[in-house]
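Protein chains: 2
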Amino acid sequence: MFRLSKRVEYGLMALQHLARRSGVATAREIADASNIPYDLLAKVMQSLKRDGIIDSYQGVKGGYALMLTPEAIPLKRVIEALEEDVALTDCNANGAQGCDRFDTCTIREPLGGLQQKMAETFSGMTIAQLL
Amino acid sequence: MFRLSKRVEYGLMALQHLARRSGVATAREIADASNIPYDLLAKVMQSLKRDGIIDSYQGVKGGYALMLTPEAIPLKRVIEALEEDVALTDCNANGAQGCDRFDTCTIREPLGGLQQKMAETFSGMTIAQLL
DNA sequence: ACTAAATAGGATTCTTTTAGTCCTATATTT
DNA sequence: AAATATAGGACTAAAAGAATCCTATTTAGT
Ligand code: SF4
Ligand code: SF4
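This is the structure we're talking about:
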């Protein structure tokens, strides 16, 4: 329980790699360096690109590069770029539609506070702290 | 991602219920009150009992009651009583056996720190804060 | 002694999520 | 034109999570 998904782990490794080399790196290069499945990493990179955390260059000599300084990339952003529905509870993620018990639930509000604290923790750590 | 398991949600509801009534309550009563599947709750209660958070009484007029004051039951304990392998990463949960990349992994240590912060968050909130 | 109501716990099944793979299209450099 | 990259859809496999079923044991009350 509470595991970071592989997508997120791979994403962090990739961002760390990019931050260290501060230049362009290909998905293949990163996959080889970190021993992660290329196909999966490719998807992860695409998601990070869509979010605007990294930029991409196609074709030969292409690859990926950071769009921001490592200090400006909190883990929270990385996680949310790679996973939808990041939340402690269904209600927290999708409101009343997320859970039948929404109206009667007696633990919903306190858990909302907890979620808040979690978010702060993940906002407080950045890629810079992985270097 | 990051969802509390149903076991944990149900466990928290049950503990809240017991804390509010400060006496004995049956699994059936709690299940009905909170709209949760009885069979599943029954397992959850057994786990909480094994951990020593609650006590149980068998037979007619039996049920469950808190062994501790609500203030003395941090969420961390509840979660760990109900789930094994609570950790952000496989390595964090099972050490080197948990992951092939253990030796070469470059994000392991920083994530360890993050896990630490998470643990503090969950230690800092107790059942008393659900009342 | 018997019955009813409760916990204890094993085993199994169903569902959902996560991880991984495969294939094709498009862009760009040489 | 060929080689090397990203882009992205579709699919499959594996694992985790949730729920259910069934049987045994304990205990209060009659
Ligand atoms: S409303 Fe209550 S039961 Fe439903 S998801 Fe939120 S916390 Fe869980
Ligand atoms: S060693 Fe690295 S890859 Fe393996 S589980 Fe830990 S963080 Fe993830």
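Protein sequences, first through last, are from chains A and B. Note that the working numbering numbers the first sequence so that position 48 is 48, with each residue one more than the last. To convert, take the position in the second sequence, counting from 1, and add 131; that gives the working numbering. C-beta atoms are modelled at their ideal positions from N, C-alpha and C, and glycine is treated no differently. Computed from a prediction, not measured in an experiment: that's the story for all the values here.
query                                                                                                                             : result
Assigned exposure category for Thr200(B) - 16 Cβ within 10 Å defines buried                                                       : exposed
Residues proximal to ligand 2 by C-beta, any heavy atom closer than 5 angstroms                                                   : Glu9(A), Thr220(B), Asp221(B), Cys222(B), Cys230(B), Arg232(B), Phe233(B), Cys236(B) and Arg239(B)
C-alpha gap between Thr104(A) and Cys91(A), whole angstroms                                                                       : 12 angstroms
Asp221(B) in three-state terms, based on DSSP                                                                                     : helix
Distance cut-off 8 angstroms: Leu206(B) Cβ against heavy atoms of ligand 1                                                        : no
Residue burial classification, Ala19(A) (beta-carbon count within 10 angstroms, cutoff 16)                                        : buried
Anticipated Cβ contact below 8 angstroms, Ala65(A) with Ile73(A), distance rounded                                                : Not a contact, Cβ separation roughly 13 angstroms.
Within chain A, partners of Val217(B) - CB distance below 8 angstroms                                                             : Met1 and Phe2
Closer than 9 angstroms to chain B by CB, Pro70(A)                                                                                : no
Endpoints, the alpha helix (DSSP H) within which Leu143(B) is located                                                             : Lys137 to Arg152
Proximal residues to Phe253(B) (C-beta, below 6 angstroms), its chain only, five neighbours per side dropped                      : Leu206 and Lys207
Rounded separation between Ala27(A) and Gly59(A) - CA only                                                                        : 12 angstroms
Leu172(B) CB to nearest heavy atom of ligand 1 below 8 angstroms                                                                  : no
is_contact[Leu261(B), chain A] using C-beta, thresh 9 angstroms                                                                   : yes
Cβ separation of Ile238(B) and Gln116(A), assumed to be a contact under 8 angstroms, to the nearest whole Å                       : Not quite, the Cβ-Cβ distance comes to about 25 angstroms (not below 8 angstroms), so this is no contact.
DSSP state of Gly124(A) mapped onto helix, strand, coil                                                                           : coil
Nearest-angstrom beta carbon gap, Glu71(A) and Ala128(A) [assumed within contact, 8 angstroms]                                    : 4 angstroms
Candidates Leu82(A), Gly63(A), Val78(A) and Gly113(A): closest to Ser22(A) by CA position                                         : Gly63(A)
Segments of 3+ residues assigned as beta strand (DSSP E) that fall wholly inside the region 40-103 of chain A                     : 54-57 and 63-66
Neighbour-count burial assignment, Tyr38(A), 16 or more Cβ in a 10 Å radius                                                       : exposed
Proximity test, Tyr262(B) beta-carbon vs ligand 1 heavy atom, cut-off 8 angstroms                                                 : Here residue 262(B) turns out to be Leu, not Tyr, going by the sequence shown. No, since every heavy atom of ligand 1 falls outside the 8 angstroms radius drawn around the Cβ of Leu262(B).
Spatial neighbours of Gly52(A) in its chain, beta-carbon cut-off 7 angstroms, leaving aside the 5 residues before and after       : Met67
Sub-9 angstroms separation of Ser178(B) and Arg101(A) beta-carbons                                                                : no
CB contact flag (Leu4(A), Leu219(B), <9 angstroms)                                                                                : yes
Arg159(B) - containing alpha helix (DSSP H), residue span                                                                         : Ala158 to Ser165
Straight-line gap, Lys6(A) to Leu262(B) (C-alpha atoms, nearest Å)                                                                : 36 angstroms
Residues of its chain near Leu82(A), where Cβ-Cβ distance is below 6 angstroms and the 5 sequence neighbours each way are ignored : Arg7, Val8, Gly11 and Ser47
Nearest-angstrom Cα separation, counted from Phe133(B) out to Ala14(A)                                                            : 21 angstroms
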